[in-house]
Amino acid sequence: MQNVKLNATEREFFRMVRLAIGANPFSDERAAIDSRLTQSKTPLSNDKQIKLLIAVVEKQLRKTCAGVEKPVLQFQGEDRELVQYGILFLIYHKSCARFDQHIQEQIHNGDAPCGVAFADEVLAEMRAMGIAQKEAVRFFSLFFQMRRAFYFIDQIVGRSPCMKNLRRNLWNNIFTHDIWLYDQYLWNRMEDFSTMLLGATGTGKGLAAAAIGRSGYISYDERKKCFSESFTRVFVSINLSQYPEQLVESELFGHKKGAFTGAIDGHEGIFTLCSPAGAIFLDEIGEVSTHVQIKLLQVLQERLFSPVGSHKKERFYGRVIAATNRSIEELRSKKMFRDDFYYRLCSDIIHVPSLRERIRENPEELDDLLAHTVRRIVGKTSPELVLNTLQILKKQIPPDYPWPGNVRELEQGVRRILLKQQYEGDQILSGESKSDTFEEMLAERNLTAQQLMARYCKELYKKLGTYEAVAKQTELDRRTVKKYIDS
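Rendered as C-alpha cells:
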C-alpha cells in the first residue's frame, strides 16, 4: 500500500468539493461554491457551469491520483475521504445525462423497471478507484435518487424568490438540510417525516407532491440489472374531496368483499398500494371529517391499518404528504382539523406560492410560465406564440389582476387565447364584478375605523393567505388580525 498524502492546496480544493456535494443544488450557496471551484469571473448558465466544473475536478483528480492505483485505498484519514468525495462528485456529474435519459425511458415504460444499460460501466469505474462493490451499488442508488429529485424539482419553473425558495424546500424535504446526515442516518428512515403543502387552488401542490413522492431511495438490483422498483408506481395520490364520506375509508384502506352494501368484490386502498420507497399524497386533507382524521392519525402513529370489514392488521410503508387550499389555522381554530392530527402531519410545512405572489416578486415570471405552458400545449418551443399570448394578456388583463385560479387559470387562459385570441380573466373570483370593491368603499368615505381595518385585513388575507402574513404586513398581533378577518 502506498503512503500518499494530499498537499495543502489539494486538500483545500477537495474540501470545497465536499461543500459542493453537501449544498442544496437549488441554493445560492451551491452556486457560490461552484464559482469558487471553477474560478469563473462572469455568471454562467447552469449547463455551462456544470461542464466547466466537471473539467476542473477531473483535471485535479488526474493530477492528484497520477500513478496511484485504486486511489481511495492509498490515502488515509481525511485525505481518503476527500479523494473519494472528488471521485464520486465527478462520476455523478458525468452520469447525469444518462440518468436523465433513463428517467425519461422509465416514464415512457411505466411501472415495469427498465434495465440500466450504463450501470456496469459506472460501477466498474467506482471499483477501479478503490470503492468496494457494495458501497458502489449504494452510491449508484443514491446518485439515481439525487438525479430524480433534481429532474422533477427543476421542472417546477419560476425565477421569483418564492419559487426559488420552494425548490430549495422540496430538496431539503427529500435529503434534509445536510445530505451527509441523510446518507448516514436517514436514507431508509424517511417514512416518519410527513409533509403538509399549503397553497391556494391551482398553485401546483400536486406537482410539488409528485416531486417528493417520486424521489425516494430505490436500490439498484445487480442481478436483474435494474432498480428494484419503477419510480412511476411509488407515488400514489387521492383527492379526498371527490369521495362521499361513506367511501373515503374504502379508498384509503380498502375493503373486503361484502363489507358493505355494494361491495361485491374486494378493493385495495392506497395505503396497501404504497411501497416503502414511495409516498401517499392526500389532497384536500382539510375536507375530511374528524372521524376519518382519527383513522388517519392511528395509521400515522402505529403504521398499521385494517381494510373496511376486516380485523386483519396491515403494515403501511412510505411517506405521507397532505395538502389543503384552506387556511389550516382557521380549520384548527374552528375545531374542524384536529390538533393531534396536525402535529402528526407537520414534520415539514411547505408553502406553495400563488401566481399573484410570484408575479409581484418578479414580473418576468409570467414570461417563463407562458413559455412553459405553450410548450406543453403545442409540444414544442414557439417564441412567436408566447409573444402573441403575452401581448394579448397585457392588452386585456389589468396589471394588478390577482389570478385567482393561479397557474391552472393561466393554462386555460392560454388555451382560450389560442382558440379565440382573447382572455379577459375571471371576473367573479377576481372580485371585479362586485359593486362593493374595497376601492369603491374607500371612495364613498363612509367606513368607520373598525370597518376600514377589517376590510383591509380581509383584502390582505385574500392576497397573502395566512393570518401570520397579514399580521406582519399590518404590524398587528395575530389575534387582532384574526378578529378583523373573521368579523
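If you count the sequence shown from 1, you need to add 1 to reach my numbering. Using N, Cα and C, we set each Cβ at its ideal position, and we do this for glycine too.
Quiz item: What first and last residue would you give for the alpha helix (DSSP H) that runs through Ile88?
Solution: For Ile88, the uninterrupted alpha helix (DSSP H) segment begins and ends at 78 to 110.
Self-check item: Arg169 to Pro26 span [Cα, whole Å]
Solution: Taking the straight line joining both Cα atoms gives about 8 angstroms.
Practice problem: Using DSSP bridges, identify the partner residues of Met197. | Solution: DSSP, once it has assigned bridges, lists Ala323, Ile350 as partnering Met197.
Exercise. Look up Phe228 in the DSSP assignment and give the residues it is bridged to.
Key: Tyr221.
Quiz item: Less than 9 angstroms separating the beta-carbons of Ser1 and Lys225?
Solution: Because the chain spans 2 through 488 in this model, residue 1 falls outside it and cannot be assessed.
Quiz item: Can you tell me whether Trp404 is buried or exposed, with buried defined as 16 or more other CB within 10 angstroms of its CB?
Solution: Only buried fits Trp404, as 16 or more other CB atoms lie within 10 angstroms of its CB.
Quiz prompt | For Ile239: DSSP bridge partner residues | solution = DSSP lists Leu283 as partners of Ile239.
Quiz item: Nearest to Glu59 by CA position, among Phe14, Lys42, Phe100, Asp284, is which residue?
Solution: Closest in C-alpha terms to Glu59, from the list Phe14, Lys42, Phe100, Asp284, comes Phe14.
Quiz prompt | Among Lys335, Asn326, Leu241, His268, the one whose alpha carbon lies nearest that of Leu297 | solution = When the alpha-carbon of Leu297 is set against those of Lys335, Asn326, Leu241, His268, the nearest one is in Leu241.
Quiz prompt | Identity of the residue in Gln392, Glu288, Phe144, Arg37 nearest Leu89 by Cα | solution = The residue among Gln392, Glu288, Phe144, Arg37 with its C-alpha nearest the C-alpha of Leu89 is Phe144.
Quiz item: Going by the beta-carbon positions, is the gap between Ser251 and Phe232 smaller than 9 angstroms?
Solution: It is not a contact, given that the beta carbons lie outside the stated cut-off.
Exercise. Measure the C-alpha to C-alpha separation of Gly205 and Leu45 and round it to an integer number of angstroms.
Key: Between Gly205 and Leu45, the C-alpha separation is close to 29 angstroms.
Quiz item: Where do the N-terminal and C-terminal ends of the alpha helix (DSSP H) with Met130 fall, by residue?
Solution: Segment: none, Met130 is in no alpha helix (DSSP H) and carries neither H nor E.
Exercise. Keeping to the same chain, check which residues put their C-beta closer than 6 angstroms to that of Thr386; ignore five residues upstream and five downstream.
Key: Here residue 386 is Leu; the residue named in the question, Thr, does not match the sequence. Closer than 6 angstroms at the Cβ level, and outside the excluded window around Leu386, lie Val375.
Quiz item: For Leu339, which option in Val289, Ile360, Ala210, Arg359 has the closest C-alpha, if you only look at C-alpha atoms?
Solution: The question names Leu, yet the displayed sequence has Arg at residue 339. The residue with the shortest Cα to Cα distance from Arg339 is Val289.
Exercise. Give me the Cα-Cα distance between Lys314 and Gly426, rounded to the nearest whole angstrom.
Key: If I take the Cα positions, the gap works out to 51 angstroms.
Quiz item: When you compare only the Cα positions, how much space is there between Ala470 and Lys336?
Solution: So the two alpha carbons sit approximately 22 angstroms from each other.
Quiz item: If you pair each beta-carbon of the segment 478 to 487 with each one of the segment 453 to 465, do three or more pairs fall below 8 angstroms?
Solution: Between the segment 478 to 487 and the segment 453 to 465, the count of Cβ pairs shorter than 8 angstroms is three or higher; the stretches touch.
Quiz item: Using CA coordinates, which residue listed in Tyr402, Arg480, Arg416, Gly406 is at the minimum distance from Met390?
Solution: A quick correction: the sequence has Thr, not Met, at residue 390. Comparing C-alpha distances from Thr390 to each of Tyr402, Arg480, Arg416, Gly406 shows the shortest one belongs to Arg416.
Quiz item: Given that a residue counts as buried once 16 or more other Cβ atoms are within 10 Å of its Cβ, and exposed if not, what is Pro308?
Solution: Around the C-beta of Pro308, 16 or more other C-beta atoms lie within 10 Å, and the residue is accordingly described as buried.
Quiz prompt | Run of the alpha helix (DSSP H) containing Ala470, from where it starts to where it stops | solution = It spans 468 to 475 - the alpha helix (DSSP H) in which Ala470 sits, taken as one unbroken run.
Exercise. Enumerate in chain order the residues of its own chain whose CB-to-CB distance from Val5 is below 7 angstroms, with the five nearest sequence positions on each side excluded.
Key: Val69, Gln75, Phe76, listed in sequence order.
Quiz item: In angstroms, rounded to a whole number, what distance separates the CA positions of Tyr468 and Leu208?
Solution: Pairing Tyr468 with Leu208, the inter-Cα distance amounts to about 25 angstroms.
Self-check item: Run of the alpha helix (DSSP H) containing Lys296, from where it starts to where it stops
Solution: Unbroken alpha helix (DSSP H) run through Lys296: 291 to 303.
Self-check item: Of the residues Arg99, Ile104, Glu106, Ala137, the one placed nearest Phe119, counting alpha carbons only
Solution: It is Arg99.
Quiz prompt | Sub-9 angstroms separation of Ser238 and Ile281 beta-carbons | solution = Yes.
Quiz item: Do the segment 187 to 200 and the segment 322 to 333 meet, that is, are 3 or more Cβ pairs less than 8 angstroms apart?
Solution: Judged by Cβ distances under 8 angstroms, the segment 187 to 200 makes contact with the segment 322 to 333, as three or more pairs qualify.
Quiz item: In chain order, what residues of the same chain have a beta carbon less than 6 angstroms from the beta carbon of Gly116, not counting five sequence neighbours either side?
Solution: Setting aside the 5 residues that flank it on each side, Gly116 is surrounded in the same chain by Lys226, Cys227, each with a C-beta closer than 6 angstroms to its C-beta; the list follows chain order.
Quiz item: Whose C-beta lies closer than 8 angstroms to the C-beta of Met17 among residues of the same chain, with five residues either side of it excluded?
Solution: Annotation for Met17: Ile34, Arg37, Leu38 place their beta carbon closer than 8 angstroms to its own, counting only its chain and skipping 5 residues before and after.
Quiz item: To the nearest whole angstrom, what separates the beta carbons of Phe306 and Phe261, a pair I think is in contact under 8 angstroms?
Solution: About 17 angstroms separates the two Cβ atoms, so there is no contact after all.
Quiz prompt | Entirely enclosed alpha helix (DSSP H) segments - the segment 162 to 198, minimum 4 residues | solution = Runs found: 162 to 176.
Quiz item: With Gly159 and Glu358 assumed to form a contact (beta carbons below 8 angstroms), what rounded beta-carbon distance in angstroms separates them?
Solution: Cβ atoms of Gly159 and Glu358 stay farther apart than 8 angstroms, at about 10 angstroms.
Quiz item: What residue from Ile360, Leu283, Gly255 has the CA that sits closest to Pro399's CA?
Solution: Pro399 has its Cα closest to that of Ile360, out of Ile360, Leu283, Gly255.
Exercise. Name the residue from Lys64, His103, Met127 whose alpha carbon lies nearest to the alpha carbon of Ile92.
Key: Out of Lys64, His103, Met127, Met127 has the C-alpha closest to the C-alpha of Ile92.
Quiz item: For His103, which option in Tyr152, Ala129, Ser28, Ala125 has the closest C-alpha, if you only look at C-alpha atoms?
Solution: Measuring from the Cα of His103, the nearest candidate turns out to be Tyr152.
Self-check item: First and last residue of the uninterrupted alpha helix (DSSP H) at Asp369
Solution: For Asp369, the enclosing alpha helix (DSSP H) begins and ends at 366 to 379.
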